[in-house]
Each structure stands twice: as structure tokens, then as C-alpha cells.
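Participant: Once you've had a glance at the structure underneath, I'll fire off some questions.
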Amino acid sequence: GEDVEQSLFLSVREGDSSVINCTYTDSSSTYLYWYKQEPGAGLQLLTYIFSNMDMKQDQRLTVLLNKKDKHLSLRIADTQTGDSAIYFCAESTVKSGNTPLVFGKGTRLSVIA
Amino acid sequence: KAGVTQTPRYLIKTRGQQVTLSCSPISGHRSVSWYQQTPGQGLQFLFEYFSETQRNKGNFPGRFSGRQFSNSRSEMNVSTLELGDSALYLCASSLTGGGTDTQYFGPGTRLTVL
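Listed in order, the protein sequences are those of chains A and B.
Position one of the first sequence corresponds to residue 60 (this note's numbering), numbered consecutively onward.
Position one of the second sequence corresponds to residue 2 (this note's numbering), numbered consecutively onward.
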């Protein structure tokens with residue numbers, strides 16, 4: 060079955076880079092997403108990557124995908140206190156009809172000033 | 002363009018009651034999905050609607066149901082509420098709901114069952 064794993068906590072100092080890791084099991088995963096959730100809020104789409112890509116950069120965010128190891132990472136450069144939130148990795152696959160997102164449990168990022 | 006809206010934002014109910022939550026998707030989006038978020042289970046898929054038809058359903062009891070209207074707005078209903086139904090219920094919309102389609106989430110409805 061499909062499964063997405065993430066470490067639960069990460070603590071970094073303001074100005075440092077943060078790297079949040081995710082592993083998934085479904086080899087047919089086509090799109091992989093990173094969502095951010097701030098306290099009391101819904102999920103904000105940060106970025107996504109197609110499975111035929113190795114890397115995607117979007118301003119301070121860099122996504123790396125190792126399809127062979129089924130490993131996805133999100134790097135946040137120059138981490139700020141406003142980046143403190145829970146980050147969710149999610150996958151979707153192209154199967155017949157629609158497919159729901161499968162989420163990891165989320166990584167709580169704490170940024171220390 | 003307005004984002005996904007959910008009403009109400011907060012609800013308090015007692016066991017045995019029923020509840021209806023509402024979701025208005027982004028204009029032009031025809032697919033609406035519902036997810037339940039709890040501290041223990043994380044984010045779990047409830048169901049997805051497209052063109053007023055339920056296309057996919059997660060592993061939840063029949064007490065959880067939903068529907069979609071011709072304007073793509075969706076409602077979900079939970080009958081005979083249990084304490085374990087306390088959760089954040091998130092709605093997501095996308096253009097067609099296909100596996101390559103990005104889903105955009107609303108702020109959620111926080112349901113507390115006493």
C-alpha cells in the first residue's frame with residue numbers, strides 16, 4: 060500500500076538552512092507535494108515536483124527527488140521565524156480516474172531566533 | 002481569485018448529534034475532496050466529488066457522507082457523532098481531480114464533539 064514517512068520534528072536557528080526529508084513507498088507516484096500548515100490554518104501548497112524531475116527551485120525553496128531511493132527533501136534557505144510550521148509531504152499517482160493525496164504525518168519545524 | 006472557503010470555521014456538538022460542513026471551491030474548480038486531520042491519524046482522505054458524483058471514498062464508516070451541488074459547492078455530513086470525530090475537516094478543490102491536478106485547501110472546520 061501507499062505510505063509516506065517523515066521525521067516528526069526539526070529545530071534550526073534563524074538564518075540557517077532547513078532540510079525536511081520524506082520517503083514514500085508507491086513507485087508509481089507521479090507528483091510529490093510539499094504543504095505548509097501554520098497553527099489554526101489549513102494547508103498551503105508550497106511547491107511540487109513531477110516524478111521525472113530531480114530538482115526544482117523556487118526562491119528559498121529547493122526540492123530534491125531521488126526516485127531510485129523514493130526520497131524527497133525540501134530545503135529552506137535562510138530560514139526565518141515565520142517559517143515555523145508543520146510541513147507535510149504528499150504524493151499522488153496517475154491511476155484510472157482520480158487519486159487522493161497520501162500525506163505523511165508532518166514535520167514540525169521550529170526556528171530559534 | 003478567491004480561495005477555497007469553508008463554513009463554519011468552528012463547531013461544538015455533543016455525542017449523537019449530526020453536523021453538516023460546507024465547502025466552496027475555487028471558481029472553475031469542479032473537484033472537491035474532503036480530508037480529516039487528527040493528531041493521531043494525521044490527514045486521511047474521506048471522499049471526492051466531481052460533477053455532483055462521488056468518485057472516490059476513503060475508509061470511513063457510513064456515518065460520513067457528502068454531496069456536491071451543480072455549482073460545485075460541497076457539503077459533508079456526519080451523523081451520530083462520536084468523540085473520535087473531533088478533528089479538523091479540510092476541503093480541497095482542483096480543476097478536475099485527476100492525479101496530476103494540484104489540490105488547494107481551505108482553512109478547515111474544527112469540529113469538537115463533547
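Just so it is clear, CB atoms sit at the ideal spot from N, CA and C, and this is done for glycine as well.
#1: Looking only at its own chain, which residues have a Cβ that is under 7 Å from the Cβ of D137(A), when we skip the five neighbours before and after it?
#2: Under a CB-based cut-off of 9 Å, is T136(A) close to chain B?
#3: Check whether chain A comes within 9 Å of T103(B), counting only Cβ atoms and requiring the distance to be less than that.
#4: Use the C-beta contact count for Y11(B): other C-beta atoms within 10 angstroms, 16 or more gives buried, fewer gives exposed.
#5: List the residues of chain A that G107(B) touches, going by C-beta distances under 7 Å, in chain order.
#6: Ignore the nearest five residues each way along the sequence and tell me which others in P9(B)'s own chain have a CB closer than 7 Å to its CB.
#7: With a threshold of 9 Å between beta-carbons, can E83(B) be considered close to chain A, or not?
#8: Could you tell me the boundaries of the beta strand (DSSP E) in which N72(B) lies?
#9: Would you check if the distance between the CB atom of L91(A) and the CB atom of S110(A) is smaller than 9 Å?
#10: Would you list, in sequence order, the uninterrupted beta strand (DSSP E) runs of no fewer than 3 residues that lie entirely inside the region 90-114 of chain A?
#11: What residue from A93(B), V20(B) and Y105(B) has the CA that sits closest to L82(B)'s CA?
#12: Along the region 53-81 of chain B, where does the CB come closer than 9 Å to a CB of chain A? Name the residues.
#13: Going along chain B in order, which residues have a C-beta closer than 8 Å to the C-beta of Y107(A)?
#14: With the cut-off set at 9 Å, would you say T121(A) and I145(A) are in Cβ contact?
#15: Could one say the Cβ of K126(A) lies closer than 9 Å to chain B's Cβ atoms, at least one of them?
#16: Give me the chain B residues within the contact set of F147(A), using Cβ-Cβ distance strictly less than 9 Å, ordered along the chain.
#17: Would T158(A) pass as an interface residue toward chain B - the criterion being a Cβ-Cβ separation below 9 Å?
#18: List, in chain order, every chain B residue whose beta-carbon is nearer than 7 Å to that of F162(A).
#19: Please compile the residues from chain B whose C-beta is within a distance smaller than 9 Å of the C-beta of G165(A).
#20: Just verifying my parser: in three-state terms, what is the DSSP assignment at D117(A)?
Facilitator: To lay it out plainly:
#1: Here the question's residue 137(A) lines up with position 78 in the first sequence. Spatial neighbours of D137(A) in its own chain (CB-CB distance under 7 Å, excluding positions within 5 residues in sequence) are listed in chain order as G74 and R119.
#2: Stepping through the first sequence from its first residue, residue 136(A) is reached at position 77. It should be pointed out that residue 136(A) corresponds to Ala in this sequence rather than to Thr. No, A136(A) lies away from the interface with chain B (no Cβ there is under 9 Å from its Cβ).
#3: Walking along the second sequence from the start, residue 103(B) turns up at place 102. At least one chain A Cβ lies under 9 Å of T103(B).
#4: Counted from its first residue, the second sequence places residue 11(B) at position 10. Under this definition Y11(B) is an exposed residue.
#5: Residue 107(B) sits at position 106 when you count from the first residue of the second sequence. Neighbours of G107(B) on chain A, chain order: G101.
#6: Residue mapping note: residue 9(B) aligns to position 8 of the second sequence, counting from 1. T110.
#7: Start at 1 with the first residue of the second sequence, and residue 83(B) comes out as number 82. No Cβ of chain A is located within less than 9 Å of the beta carbon of E83(B).
#8: Within the second sequence, the letter at position 71 stands for residue 72(B). N72(B): not part of any beta strand (DSSP E); DSSP gives it neither H nor E.
#9: Locating residue 91(A) in the first sequence gives position 32, where the first residue counts as 1. Locating residue 110(A) in the first sequence gives position 51, where the first residue counts as 1. For L91(A) and S110(A), yes; Cβs fall inside 9 Å.
#10: You should have 102-109.
#11: Taking the second sequence and counting its residues from 1, the one referred to as residue 82(B) is at position 81. Closest option to L82(B), Cα to Cα, is V20(B).
#12: Within the region 53-81 of chain B, contact with chain A at the beta-carbon level (separation under 9 Å) is assigned to R56, N57 and G59.
#13: As a first step, residue 107(A) is located in the first sequence; it is residue number 48 there, counting from the start. Simply T103.
#14: If you number the first sequence from 1, residue 121(A) lands on position 62. If you number the first sequence from 1, residue 145(A) lands on position 86. Cβ atoms of T121(A) and I145(A): not closer than 9 Å.
#15: For the purposes of this step, residue 126(A) is identified with residue 67 of the first sequence, where counting begins at 1. Nearest CB-CB separation between K126(A) and chain B: not below the 9 Å threshold.
#16: Along the first sequence, read from residue 1 onward, the residue named residue 147(A) stands at position 88. Within chain B, the residues near F147(A) are G43 and L44.
#17: In the first sequence, residue 158(A) corresponds to position 99, counting from 1. Interface residue, yes.
#18: Numbered from its first residue, the first sequence carries residue 162(A) at position 103. Here the neighbours are G43 and L44.
#19: Residue 165(A) sits at position 106 when you count from the first residue of the first sequence. Per Cβ cutoff of 9 Å: G43 and L44.
#20: In the first sequence, the residue the question calls residue 117(A) occupies position 58. Taken through DSSP and simplified to helix, strand or coil, D117(A) comes out as strand.
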